[in-house]
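Here's the structure we're looking at; comments come further down.
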Amino acid sequence: MQNQNRENTPTTTSEPMQSRAERRRTRSQRTRYFLAAGAVVAVGAMVGTGFAVQSAVAAQNDRVAETAALADAANLDIEQLSSHAGILSARAVKTAKDTLSVAHATISAADGKVDAAALNTSAASLGQYELLAPERVFELAAETTAVANDVKGKVTEFDRVAAEKAAAEAAAKAAAEAAAAEEAASADSGSSESSRPSAPSNPSEAQAIARDIMASEHGWGADQFGCLVELWNHESGWRTDAANPSGAYGIPQALPGSKMSAFGDDWETNPATQIRWGLSYISGRYGTPCGAWDSFNAQGWY
Numbered sequence: 051m052q053n054q055n056r057e058n059t060p061t062t063t064s065e066p067m068q069s070r071a072e073r074r075r076t077r078s079q080r081t082r083y084f085l086a087a088g089a090v091v092a093v094g095a096m097v098g099t100g101f102a103v104q105s106a107v108a109a110q111n112d113r114v115a116e117t118a119a120l121a122d123a124a125n126l127d128i129e130q131l132s133s134h135a136g137i138l139s140a141r142a143v144k145t146a147k148d149t150l151s152v153a154h155a156t157i158s159a160a161d162g163k164v165d166a167a168a169l170n171t172s173a174a175s176l177g178q179y180e181l182l183a184p185e186r187v188f189e190l191a192a193e194t195t196a197v198a199n200d201v202k203g204k205v206t207e208f209d210r211v212a213a214e215k216a217a218a219e220a221a222a223k224a225a226a227e228a229a230a231a232e233e234a235a236s237a238d239s240g241s242s243e244s245s246r247p248s249a250p251s252n253p254s255e256a257q258a259i260a261r262d263i264m265a266s267e268h269g270w271g272a273d274q275f276g277c278l279v280e281l282w283n284h285e286s287g288w289r290t291d292a293a294n295p296s297g298a299y300g301i302p303q304a305l306p307g308s309k310m311s312a313f314g315d316d317w318e319t320n321p322a323t324q325i326r327w328g329l330s331y332i333s334g335r336y337g338t339p340c341g342a343w344d345s346f347n348a349q350g351w352y
């Protein structure tokens, strides 16, 4: 019975065995899936890590290159700075020398004409350029140039005024000489040399002084002395204190009398001082005493 029952009892081992096989296949598939997925993740991780490492290395290389470039740039700046300092010093020296050359020439040109004391002081300061910083040299050079230009302008103005004065004096003298020559020629045409006054045989003391000064200082002889004696006879009578209401004074009747102070402080009383001034005036305006005498005869004054 028991055997029969075993024989008659349906067997159930095939189904469970099939289920177990399926489960094993399922687990095997899952395992392969998870391994594949893990491999993909691992590969991705490795790839990502590679990129990260590569990026880090590249960034590090960039930083190293930038640092080297900065170092090189710093070194170049130091070299350039040194070179620039040398060039600046050389420029300062040349500027100082050029400025001093112009300043000294200007000081020389101003001698006896205008005051150049300020330029002397400025040039003296700049003359210490070897002891000064380039920036200070440039400042002093600019100051010295400005002062020199001011002095140059004053010298130019002084020279202009002096030239105009000299030209005016020369023109006046030429005109006086021409007028004297013309008057002398006109007088000569109307009278002969014999009509001019002769020298006195017994001159007064003042006349004797005049005769000696004429000969020693002007080279005039007795022929001119007679004209002078007659001329000043009419003007003052040869008196040192002869005064005219117009202001004329002395033997030659200088107008004003103080003009004669150019020949001495004793012009009011000393006949020699008055005579020297009078002969100088005649020489400059008429050429000779006879020229003055002729002019006196023509117009009533000289």
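If you count the sequence shown from 1, you need to add 50 to reach this note's numbering. Think of the CB as a built atom: it goes at the ideal place given N, C-alpha and C, for glycine as much as any other residue.
Exercise. Buried or exposed: which applies to A192, given that a residue is buried once 16 or more other Cβ atoms fall within 10 Å of its Cβ?
Worked result: Its Cβ having fewer than 16 others within 10 Å, A192 is exposed.
Exercise. Among residues of its own chain, excluding the 5 on either side of T323, which ones have a beta-carbon nearer than 8 Å to its beta-carbon?
Worked result: The residues M310, F313, G314, D316 and W317, in chain order, have a CB closer than 8 Å to that of T323 in the same chain once the five nearest residues on each side in sequence are set aside.
Exercise. What three-state label does DSSP hand Y299 in the structure shown?
Worked result: Three-state result, Y299: strand.
For this session: Let me know the alpha helix (DSSP H) ranges lying completely inside the stretch 134 to 218, each 4 residues or longer, listed in chain order.
Result: Runs found: 167 to 176.
Problem set entry | R326 - containing alpha helix (DSSP H), residue span | Secondary structure note for R326: its alpha helix (DSSP H) is the uninterrupted segment P321 to R335.
Exercise. If you draw a straight line from the C-alpha of L190 to the C-alpha of K202, how long is it?
Worked result: Spanning the two alpha carbons is a distance of roughly 18 Å.
Exercise. Between G271 and E232, what straight-line distance do the alpha-carbon atoms span, to the nearest angstrom?
Worked result: Computed Cα separation, rounded: 22 Å.
Exercise. With a Cβ-Cβ cutoff of 8 Å, do Y352 and L281 count as a contact?
Worked result: When the beta-carbon positions are compared, Y352 and L281 come within less than 8 Å of each other.
Exercise. What number of angstroms, rounded off, separates the C-alpha of S308 from the C-alpha of N294?
Worked result: Taking the straight line joining both Cα atoms gives about 13 Å.
Exercise. Sorted by chain position, which residues of the same chain lie with C-beta nearer than 6 Å to G98's C-beta, five sequence neighbours on each side aside?
Worked result: Low confidence applies here, because G98 scores a pLDDT of 48, under 50, leaving its location unreliable; read the following figure in that light. Answer for G98: no residue qualifies.
Exercise. Just checking, does the stretch 154 to 165 make contact with the stretch 134 to 145 on the three C-beta pairs under 8 Å criterion?
Worked result: Proximity of the stretch 154 to 165 to the stretch 134 to 145 falls short of the contact definition, fewer than three beta-carbon pairs being nearer than 8 Å.
For this session: Check whether the stretch 248 to 259 touches the stretch 320 to 337, counting contact only when three or more Cβ pairs, one atom from each stretch, lie closer than 8 Å.
Result: The stretch 248 to 259 vs the stretch 320 to 337: in contact.
Exercise. Helix, strand or coil: how does DSSP classify G341 here?
Worked result: Secondary structure of G341 (DSSP, three-state): helix.
Exercise. Going by other Cβ atoms of all chains shown within 10 Å of its Cβ, with 16 needed for buried, is A260 buried or exposed?
Worked result: With 16 or more other Cβ atoms within 10 Å, it is buried.
Exercise. With which residues is A304 paired in a DSSP beta bridge?
Worked result: Beta-bridge partners of A304 (DSSP): Y299.
For this session: Under 8 Å Cβ to Cβ from S296, same chain only, skipping five residues before and after it: list those, please.
Result: Excluding residues within five positions, the ones whose Cβ falls inside 8 Å are L305.
Exercise. Since V164 contacts K204 with CB under 8 Å, what's their CB separation in whole angstroms?
Worked result: Taking the Cβ atoms as the reference, V164 lies roughly 4 Å from K204, within the contact range of under 8 Å.
Problem set entry | Boundaries of the alpha helix (DSSP H) in which F275 is found, first to last residue | Boundaries of the alpha helix (DSSP H) around F275: A272 to E285.
Exercise. In terms of DSSP beta bridges, what is A293 paired with?
Worked result: Paired residues: Y299.
Exercise. Would you call the stretch 220 to 232 and the stretch 336 to 343 in contact, with 3 or more CB pairs under 8 Å?
Worked result: A contact exists between the stretch 220 to 232 and the stretch 336 to 343.
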